[in-house]
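Colleague: Positions 63 to 195 (the numbering used here) are the ones given, in order, by the sequence shown.
Pasting a structure below so you can have a look.
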Amino acid sequence: MTNYREKTVNSFNGIFIFDTRFPSKEELIQPSTEEYWTTITDEQGRRCDLYTEMNYDSIQQIQYYITTRRFYEDNALVEELKTTIDLRYTYPQELERLLVANGFELLHIYNDWDGNELQEDCYSMVVVCQKKR
């Protein structure tokens, strides 16, 4: 990977494209209490109710997610699983400063891989940049 990186990303004028989370207002203002999200059927045929809980640390710019899966057989709870993920958000202007500080020029930020324009209600950013030094 290091050799590949040297020949592509770190080469002068090399193009680097990546996808990262966009800190949408909708996600950041979610209540910090457990909320029902959806119901699915798992591969064993059990009903699974999914719940989410989110807390946003505005100083660290980290969204802490807890997803709870409650599995039911014949309407009786038989299993509960909790998973967590911590998402570090970077805002577009901050991202541009980070890229410039590391020798890249920001060419464009898109909403998706189809090249749609970034909007306030987006959930991801597809970033296109070019190595300048």
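Backbone N, C-alpha and C define an ideal beta-carbon position, used for all residues, glycine too.
No experiment lies behind these values; they were computed from the predicted model shown.
Throw me the rounded Cβ distance for the Leu149 and Ile124 pair, which I believe falls under 8 Å.
Modeller: 7 Å
Colleague: By the three-class DSSP mapping on this structure, what secondary structure does Lys144 have?
Modeller: strand
Colleague: At the level of alpha carbons, what is the spacing between Arg195 and Ile79?
Modeller: 17 Å
Colleague: In whole angstroms, give me the CA-to-CA distance for Asp176 and Thr130.
Modeller: 32 Å
Colleague: With a cut-off of 8 Å, do at least 3 Cβ pairs link the segment 155 to 167 to the segment 131 to 142?
Modeller: No, the segment 155 to 167 is not in contact with the segment 131 to 142.
Colleague: Kindly indicate the opening and closing residues of the beta strand (DSSP E) around Arg132.
Modeller: 124 to 135
Colleague: So, is Val189 buried or exposed, given that buried needs 16 or more other C-beta atoms within 10 angstroms?
Modeller: That one is buried.
Colleague: Buried or exposed for Tyr185, going by 16 or more other Cβ atoms inside 10 Å?
Modeller: exposed
Colleague: Taking Cβ to Cβ, would you say Gln192 is nearer than 8 Å to Ile77?
Modeller: For the 8 Å CB-CB criterion, Gln192 and Ile77 form a contact.
Colleague: To the nearest angstrom, report how far apart Pro154 and Glu179 are at their CA atoms.
Modeller: Going by the C-alpha atoms only, they are around 13 Å apart.
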